[in-house]
Every structure is written in C-alpha cells, then in structure tokens.
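One structure is given here, and the rest of the page talks about it.
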Amino acid sequence: MKRLAYLFFLNLLAFGACREPFEPEIDEVDLDVLVVEGYLDSDGSRSLISLSYTRPIQANSMQLSPVEGATLYLESSTGDRYPLSDIGGGSYQFEENISEQDQYKLRIFLPNGNSYSSDDMTPIITPDIIDVGFERNEEGVEIFLTTKGDQNADDFLWTYEETWAFRPPFPSQVKYVPETQAVVLRNPDERIDLCYKSERNSDLLLETSSRFEDQFVFRQAINQINEGDERLSLRYSILISQMALSKDASEFWEILKKNTDDLGSIFSPLPSIIRGNITNDQNPDAPVIGQVSIGKVRQQRLFIDLRDVVPWRAVVPEYFGCIQEPDTVLVRDYDSFFRSGGNLPTLPIFTENGIEPIGYRYASASCVDCTRRGSNVKPDFWEDL
C-alpha cells in the first residue's frame, strides 16, 4: 500500500471528517503527523502496513519519513493477538489466516511511547475478479476488469503492480576484463541486454457496484498505456488486486481522491482534513492520517506481448541520441576505450575468414547497459513466451 503514500503527501493538511469537521490547530514548523496505510489480508496472504511521519522541509513542502522499530499487532474481540513483523523501511508484514466472523483492532506502539488504535474492523469477503483484459485503442492500450458486488461487498478499491521487460538500443553479450585486457562473453547473471522494471500505481481506483444493474461492474478501467510507451515494447505484466471496502473506508478514500483531484499542484491550497479510522490513544484529538482495512484480497495477473498490440514503436527519451559508433576499436586499443566503463563493446568485427574478432564497435554504456534503468533478475512470476 505504499503506492498510495504520495496521496497522503498531497493531502497532508487535508483531513476532514466524513461525519464531522475536524480542523486542529497545527503549527507548520512543528508539523509531525503519523501516516498509517494498508489493507490486511484475512486469508493469510502477505500484506503490509506502512508507517511514516510527515516531515516539514520548508514552507509548503513536506516529505514522508518511515517509522521503524514500532510494535504492531492485530487484536481480536476475544483477545487473540496477531503480531506484524518489522521488515524495515517503515513496512510491517502480516501473514495470518484469521476468522472472518470476528472483529479486530490494529494496535500500534511507536518507539517514542505514543500508541494508536484503529476502530473496530470486520473482515469483508471480496468477490472474485471475473475477468481481466485489454483493448487496443487510438490512445494506446486500455486494461480493464469485470467483477460483481454483493450484499456484503459494494465498494471496491483496486491497486496494481506492473512489470515489463525491455532491451537497450544496442544489446551486448560481452564485457571487457581489465585484468586480461580482453573482451569475453558475459555469464548469464551478468547480462545487460534484457532487463525488468516494476512500478506500483499511485492513483486511486474506486467504484461502487450498486451504481450498476445487478451490481455488475463491467470493464472497469484500470490502466491506460499510451501509444509508444516502452512498457509494451517487449512483454508486459500487470497484477491487479481487488479489495472490498466498508462504507466508512470508501468515504475516506473518495474524499481523499476528490481532494487530490482538486489540487492543481502540491503547492495548491489544501482542503480540510479527512479523519480516518486511526486514533492516538493518549490524545484522541491529535492529528493522524490513516485508514486501515481488513478483508480477503482477490488478485489476477495479465500478460501482454508486443505481438498483441503491433504496430507499436516504443519512444524512450532516455535513449534519445544513442548511436553505435561506426569506428572499430581494435584489440590493441581495448584498454584505452573500455577501461573506464563509459563505453561498452557491442558488435564484433571479423576479417573475411577470421575466427576471432579483430575488434568491436561500441556505444555509450547508457545505451547498452539496461541495468542502469532496471534489473537483470527475472521475477519469479515471469512467464516467457
């Protein structure tokens, strides 16, 4: 859920109660507000709670600072406690299969002695995602899903994580070794010609199923990939998570979304504050930003290949100006050209009957080494063609 943190940043002073106004007096220079966010999966799948503080940098400017070393547990109405693990960076992991018939509170104990509690929460069983698909359109590619609400799950929040494979303009499978002054083949774990990059969405995707006949949400727009985007230059994957919300949680996110949409920039005047379901135990009037929910999370993954959307010509600004130099770097000149790492060998050059290359053409490392923009480690979930 850290993907939503920037929304809290934009709405830093924008907390207004869904039920009643809440406008605390906050000295700007002393502003230090706890931000709590997350959706706990009641079915045992890995889920996270994120803790951070708002920190003033200068007038009209804030940043989020992670809270580490806190103690968190989920407490049932019968007194059972389910601890969360501190995994660093302000993230706390929950992996418990709990009863969906009980009520729960999230308890938070900070290193500074302050403690916070959520309102009572009852897990919501999120309906399955019926279908996930995509459509080529004039703007690019739209990704959508279909689902259906029920009497217990009317309001939905969707998040997604997208991952894509990409190549640099001038792929190379060789490297220069200064110790031997030779160009040799790279090992598989050293490859720089194929990389992967992942991002989580930061916008709020909300819908109420009762707005539709039979609560049938058909082809809900999830993501739009514009024409020429690098994400579809080779192979693309998106993992969509569907979460049912309580009415109070839905109101919180709707107000937050409206506040965010109404802001022209992070320096625009901010609306009133939104009170979530987290309260300071020592001072109930103390400002705190947060909405925690609990329920069964449904997920579905979609892969899209370049061949599914052709014609598609990727335009990558980072590669503007990339050229493969026409001159050949001969063996005797390898060290002077390649030792610094600024240039990398790309294409071997042979004589007419030669077995060993007499040299290599080359390009700037930023045009050859994809690990400068991503990772060469293939994700566990990745399915090759």
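When you line the sequence shown up against mature numbering (1 follows the signal peptide of the UniProt record, and there is no 0), it's residues -19 to -1, 1 to 366, in that order.
Ideal placement from N, C-alpha and C gives every residue a C-beta, glycine not left out.
Please read all numbers here as calculations on a predicted model, not as lab measurements.
Taking just the CA atoms, how far does residue j sit from residue i?
i	j	result
residue 437	Asp286	Look at the range of the chain in this structure, -19 to 366, and you will see that residue 437 is not part of it.
Thr189	Gly302	47 Å
Leu215	Asp262	51 Å
Ser66	Thr52	8 Å
Gly114	Leu283	7 Å
Glu4	Pro104	In this prediction, Glu4 scores a pLDDT of 46, lower than 50, which makes its location untrustworthy; the coordinate-derived value is nonetheless stated afterwards. Taking the straight line from one Cα to the other gives about 30 Å.
Pro205	Pro64	The question names Pro, but residue 205 is Gln in the sequence shown. Straight-line Cα distance between these residues: approximately 38 Å.
Val198	Asn357	38 Å
Ile221	Gly276	16 Å
Cys176	Pro298	17 Å
Asn264	Ile110	41 Å
Asn95	Val48	12 Å
Gly335	Ser347	30 Å
Glu56	Leu29	16 Å
Ser218	Trp145	6 Å
Phe331	Gln223	56 Å
Glu120	Arg172	34 Å
Cys351	Tyr85	46 Å
With C-beta atoms as the reference, is residue i less than 7 Å away from residue j?
i	j	result
Gln74	Lys129	no
Leu81	Ser23	It is worth fixing the name first, because residue 81 is Glu in this sequence and not Leu. Yes, the Cβ-Cβ distance between Glu81 and Ser23 is below 7 Å.
Arg88	Tyr34	no
Tyr157	Asn182	no
Ile270	Ser99	no
Gln305	Ala344	yes
Ala134	Pro108	yes
Ala225	Gln272	no
Tyr300	Pro152	no
Ala267	Glu211	no
residue 371	Val310	No information on residue 371 is available, as it lies outside the stretch -19 to 366 that the chain covers here.
Ser31	Ser58	no
Leu186	Trp234	no
Arg202	Phe137	Note on residue identity: the sequence assigns Ala, not Arg, to residue 202. No, they are not a contact pair.
For a test of the three-state rule: what should DSSP assign to residue i, helix, strand or coil?
i	result
Pro329	strand
Glu143	strand
Val312	helix
Thr59	coil
Leu65	coil
Arg117	strand
Gly(-4)	Unreliable placement is indicated for Gly(-4), whose pLDDT of 36 sits below 50; the coordinate value is still reported in the next sentence. Three-state DSSP puts Gly(-4) in coil, outside helix and strand.
Glu49	coil
Thr352	helix
Glu123	strand
Arg27	coil
Leu87	strand
Tyr212	Note that residue 212 is Arg in the sequence shown, not Tyr. In this structure, Arg212 counts as helix in the three-state DSSP scheme.
Asp112	strand
Note the first and the last residue of the continuous beta strand (DSSP E) segment covering residue i.
i	result
Asp316	Where Asp316 is concerned, there is no enclosing beta strand (DSSP E), although the alpha helix (DSSP H) it sits in stretches over Tyr315 to Phe319.
Trp363	Element bounds for Trp363: n/a, residue is neither H nor E.
Asn95	That residue, Asn95, is in no beta strand (DSSP E); it is neither H nor E in DSSP.
residue 367	Because residue 367 is not part of the residues shown, which for the chain are -19 to 366, the question remains open.
Gly340	Gly340 to Ser345
Leu21	Leu15 to Asp22
Phe75	Ser72 to Phe75
Taking only runs of the alpha helix (DSSP H) that begin and end inside the segment 218 to 302, which ones reach a length of at least 4 residues, in chain order? 228 to 243
Can you give, in chain order, each stretch of the beta strand (DSSP E) that sits fully within the segment 161 to 209 and has at least 3 residues? 163 to 166, 176 to 181, 186 to 189 and 197 to 207
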